[in-house]
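Undergrad: Take this structure, written in structure tokens, and hold onto it; I'll ask about it next.
Protein chains: 2
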Amino acid sequence: MKIGILGGGQLGRMLIQEALKYDDEFYTLDPASDAPCHHISYFTQGNFNDYETVLEFGKDKDVVTIEIEHVNADALAELENQGIKVVPNSRIIKTIQQKILQKKFYEENNIPSPEFEIMDGSSDEIKMPLPFVQKMNTGGYDGKGVQVIRNNEDMKNLWVQDSVIEKLVDIDKELSVIVAKNENGETKTFPVTEMVADPKLNLLDFNVCPVFLSEDIDSQIKSITEKFLNAVHSPGLFAIELFLDKEGKVWVNETAPRLHNSGHQSQEGNANSQFEQMYRVVKNLPLADTDTFTFSGMLNLVGAEGFSGKVIYEGMDDVLKLPKTYVHLYGKTETKPGRKMGHINVLADSREELMEKLIKVKSMVRVIA
Amino acid sequence: MKIGILGGGQLGRMLIQEALKYDDEFYTLDPASDAPCHHISYFTQGNFNDYETVLEFGKDKDVVTIEIEHVNADALAELENQGIKVVPNSRIIKTIQQKILQKKFYEENNIPSPEFEIMDGSSDEIKMPLPFVQKMNTGGYDGKGVQVIRNNEDMKNLWVQDSVIEKLVDIDKELSVIVAKNENGETKTFPVTEMVADPKLNLLDFNVCPVFLSEDIDSQIKSITEKFLNAVHSPGLFAIELFLDKEGKVWVNETAPRLHNSGHQSQEGNANSQFEQMYRVVKNLPLADTDTFTFSGMLNLVGAEGFSGKVIYEGMDDVLKLPKTYVHLYGKTETKPGRKMGHINVLADSREELMEKLIKVKSMVRVIA
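First to last, the sequence lines map onto chains A and B.
Okay, so the first sequence: first residue is 1 according to our numbering, each after it adds one.
Okay, so the second sequence: first residue is 1001 according to our numbering, each after it adds one.
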């Protein structure tokens, strides 16, 4: 089958890597000539935000999917009109692309997400008391396009553009759950993972699985995933990012309509990875089991501050000596501060052992130039 | 690093698939334009048996390796002269390529292998009593080039060419052990696996791990792998195929200087796969842990008799519904009787459950056209 992917980054690369177990042809579209997918797929250099480029790319594929949500959804809608299968469909991509539509989607489907109001270009009519969170309607990614407005001083930095103004949650834990639905309507949910964010870069730092939660919290999450899967009239793999607040209530922070950094530990930690699951969604195959038999965790390999240029993974040889430790690099030759260059998955027999190993590994390796 | 592989078949494909976790460039050489490695590497169509072709292919690589042993070893020796790293080295490839040299290698290093004599083109001087095994000196592969001569009637079929004439072992079990050695001299051994051969096609049928053997047999195998790793003055990953005879004695049947079908279950059954290990050998990295935490088994997907043409995997959708079951196809579009098209790995909590699952899966799927 000819599978087209909008985006040629690491998520696409790991999807293709997993899918090399099967017999499909992968085509990728990315503006960067050194995109991680370039040499492992039929590669087209081009802009996935451009209507004509996406239309041209998709027209001879059996199915078109995404590895980034900031794509031209109108072109995907036109491809659907032309009878090309698009996974997830253009409607849900459009909904999730725009934070305002995304919030309305939660509201309409009784999915708990923090109280919000819409700011359309002017700050005058904001009723939300400080502190609050501002999320740009479009263009947010990897923590960009999101800011906390704590006081009147911060108000000067308010972005004057369409945004969601959201109540600031008093966060106890950041959780994530990856769900999948195929065209036949079959659904599967991965075990919940917990994220520990690096406040400086706002990128995931550690992501661990499983998480032991109270029955009440488990059932809140179950209710959210069920409502979401029911409301989403599209096949797809979705990462639902959750906040658990200090009063024990679970809120949806946001959803990605694609493979997600918070699911990387599934590569060795679960019976099947998010990449295997995504492949099955795209092909409308029976969904894979998502059981976990061990403790697993992931840490991102992010370009260190002060280093730009040809990447060197300092300390990597020592990391490779560690048992149950799995290095995943993304085929990027150039590092820069904060760039996601790879990740490392670790398995362990207990949560304590896992955290110790993650902290140890993190201290051993540095992404420099 | 620029890694060149002679051969572009499924072993190379799975090596590259695994190594997509890292940042290397893979180049493959294969005569078939539709080779499994074609679209996932920089591909050169050409004959890996041809001196000039291999020399030309290898000259600008950082390291050259193989995924099939029937390559031009003289060209590899010349590449070594020119300062290109070849893994495994040309000398051990040459030794293993030729059954006569291979048998002498075992003899010289006190590695137990069945009693033999050399037949150089004429059957007149064979002293070995019937029944015996004839192995062609060169060109044997996947059970080809090997025949059992049981009686005077069979003697008419004796190949009149350089061969090894070997005592027929009264086989209780066929075992395999994969060993690895890097340039630093570090070595690792995978757990022993047991093969159940299909007498008709002489290809592996099931391959299971772990195997529970007596202390005496374990220690015979340990002695063989130690002697082998000591005698082999080359980095490499090697599959040592063993016979356990009915008197409890272990013999080396033959060795492959490469990735091997009997190691495929390591993909999901071991902490790291033979492909990860091979990658580390090629790059002279610390070797990976080979522990196994579960029962694992593999069955080959072989083209059914009577079907040639565009492949159909009948029953595959039902196989994909099974938990802890992993399908690996080789990207081959055309099937023919006996062609290895893929394999399926299965995990289980006991040997009994494993065998039941393997037999069930085997009954569910058929490779037809």
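A virtual CB, placed ideally from N, CA and C, is assigned to each residue, including glycine.
Remember, predicted model here, so these are calculated numbers, not experimental data.
Using the Cβ count rule (16 or more neighbours within 10 Å means buried), how would you classify residue 313 (chain A)?
TA: Flag for residue 313 (chain A) reads buried.
Undergrad: I'd like to know whether the C-beta of residue 1310 (chain B) is nearer than 8 Å to at least one C-beta of chain A.
TA: By this cut-off, residue 1310 (chain B) is not an interface position.
Undergrad: Report the rounded CA-to-CA distance for residue 177 (chain A) versus residue 211 (chain A), giving the unit in angstroms.
TA: Those two C-alpha atoms are separated by around 11 Å.
Undergrad: Just to confirm the assignment, what range does the beta strand (DSSP E) spanning residue 348 (chain A) have?
TA: It spans 340–348 - the beta strand (DSSP E) in which residue 348 (chain A) sits, taken as one unbroken run.
Undergrad: Is there a C-beta anywhere in chain B that falls below 8 Å from the one on residue 178 (chain A)?
TA: No, its Cβ sits nowhere closer than 8 Å to a Cβ of chain B.
Undergrad: Would you list the one or two residues that DSSP bridges to residue 175 (chain A)?
TA: Residue 175 (chain A) is bridged to A:194, A:242.
Undergrad: Can you tell which of B:1134, B:1171, B:1169, B:1167 has its C-alpha closest to the C-alpha of residue 1155 (chain B)?
TA: It is B:1134.
Undergrad: Going by beta-carbon coordinates alone, are residue 5 (chain A) and residue 257 (chain A) separated by less than 8 Å?
TA: Taking 8 Å as the Cβ cut-off, residue 5 (chain A) and residue 257 (chain A) do not qualify as a contacting pair.
Undergrad: In the segment 318–329 of chain A, which residues sit with their C-beta less than 7 Å from some C-beta in chain B, listed in chain order?
TA: Within the segment 318–329 of chain A, the qualifying residues are 320, 321, 323, 324, 327, 328, 329.
Undergrad: Identify the residues that DSSP records as bridge partners of residue 180 (chain A): which are they?
TA: Residue 180 (chain A) pairs with A:188, A:237.
Undergrad: Quick one: which chain B residues come within Cβ less than 9 Å of residue 348 (chain A)?
TA: Residues of chain B passing the Cβ test: none, with the nearest at roughly 12 Å.
Undergrad: Please identify, using Cβ separations under 8 Å, the residues of the segment 1281–1292 of chain B that lie next to chain A, in order along the chain.
TA: Of all residues in the segment 1281–1292 of chain B, 1285, 1286, 1288, 1289, 1291 have a Cβ within less than 8 Å of some Cβ in chain A.
Undergrad: Where does the unbroken beta strand (DSSP E) through residue 1359 (chain B) begin, and where does it stop?
TA: First-last for residue 1359 (chain B): 1351–1364, but that is the alpha helix (DSSP H), not the beta strand (DSSP E).
Undergrad: Just curious, the alpha helix (DSSP H) that residue 1152 (chain B) is in, first and last residue?
TA: From DSSP, the alpha helix (DSSP H) with residue 1152 (chain B) extends over 1152–1155.
Undergrad: Please state whether DSSP places residue 1011 (chain B) in a helix, a strand or coil.
TA: Residue 1011 (chain B) falls in the helix class under three-state DSSP.
Undergrad: Helix, strand or coil: how does DSSP classify residue 1370 (chain B) here?
TA: The shown model of chain B, from 1001 to 1369, leaves out residue 1370 (chain B), and the question about it has no answer.
Undergrad: Hey, does residue 29 (chain A) have any beta-carbon neighbour from chain B nearer than 8 Å?
TA: False, the Cβ-Cβ gap to chain B never drops below 8 Å.
Undergrad: Looking at residue 76 (chain A) and residue 86 (chain A), is the spacing between their C-beta atoms short of 8 Å?
TA: A contact, by the Cβ cut-off of 8 Å.
Undergrad: As an exercise, report each continuous beta strand (DSSP E) stretch of at least 3 residues that is fully enclosed by the segment 97–172 of chain A, in chain order.
TA: If we require 3 residues or more, the beta strand (DSSP E) runs fully inside the segment 97–172 of chain A come out as 116–119, 132–136, 146–149, 163–167.
Undergrad: Within its chain, find whatever has a CB closer than 6 Å to the CB of residue 1168 (chain B); leave out the 5 residues flanking it on each side and keep chain order.
TA: 1131, 1132, 1133.
Undergrad: Over the uninterrupted beta strand (DSSP E) stretch that includes residue 1298 (chain B), give me the two end residues.
TA: Looking at the DSSP string, the run of the beta strand (DSSP E) that includes residue 1298 (chain B) is 1295–1302.
Undergrad: I need the boundaries of the alpha helix (DSSP H) containing residue 225 (chain A), first residue and last residue.
TA: Here the alpha helix (DSSP H) through residue 225 (chain A) covers 215–231.
Undergrad: May I ask you to verify whether the segment 1281–1295 of chain B touches the segment 1231–1238 of chain B, counting CB pairs closer than 8 Å and requiring at least 3?
TA: Segments in contact, yes.
Undergrad: Taking residue 185 (chain A) as the query, report the chain D residues whose CB atoms sit under 9 Å from its CB, ordered along the chain.
TA: Note that chain D does not occur in the displayed structure, where the protein chains are A and B.
Undergrad: Using DSSP bridges, identify the partner residues of residue 4 (chain A).
TA: A:27, A:64, per the DSSP bridge assignment.
Undergrad: Hey, residue 1146 (chain B) and residue 1140 (chain B) are a contact pair by Cβ (cut 8 Å); roughly how many whole angstroms apart?
TA: Yes, residue 1146 (chain B) and residue 1140 (chain B) are in contact; Cβ-Cβ is about 6 Å, under 8 Å.
Undergrad: What is the DSSP secondary structure of residue 335 (chain A), reduced to helix, strand or coil?
TA: In this structure, residue 335 (chain A) counts as strand in the three-state DSSP scheme.
Undergrad: Does the distance from the CB of residue 1358 (chain B) to the CB of residue 1346 (chain B) come in under 8 Å?
TA: Cβ distance < 8 Å, so residue 1358 (chain B) and residue 1346 (chain B) count as in contact.
Undergrad: Chain B beta carbons: is any one of them nearer than 8 Å to that of residue 34 (chain A)?
TA: No, no contact with chain B.
Undergrad: Measuring only the C-alpha atoms, how far is residue 1216 (chain B) from residue 20 (chain A)?
TA: Each residue's alpha carbon lies about 41 Å from the other.
Undergrad: Measuring only between beta-carbons, confirm whether residue 237 (chain A) sits less than 8 Å from chain B.
TA: No, residue 237 (chain A) does not count as interfacial toward chain B.
Undergrad: Which of the residues in the segment 262–274 of chain A, read from start to end, lie with their CB under 7 Å from any CB of chain B?
TA: The residues in question are 271.
Undergrad: Measure the alpha-carbon distance for residue 1265 (chain B) versus residue 1296 (chain B) and round it to whole angstroms.
TA: When rounded, the distance between both Cα atoms is 6 Å.
Undergrad: Between residue 31 (chain A) and residue 45 (chain A), is the Cβ-Cβ spacing less than 8 Å?
TA: Taking 8 Å as the Cβ cut-off, residue 31 (chain A) and residue 45 (chain A) qualify as a contacting pair.
Undergrad: Taking the straight line between their C-alpha atoms, what separation do you get for residue 1383 (chain B) and residue 1348 (chain B)?
TA: This structure gives no information on residue 1383 (chain B), because the portion of chain B shown stretches from 1001 to 1369.
Undergrad: Give me the chain B residues within the contact set of residue 20 (chain A), using Cβ-Cβ distance strictly less than 7 Å, ordered along the chain.
TA: Per Cβ cutoff of 7 Å: 1013, 1017, 1040.
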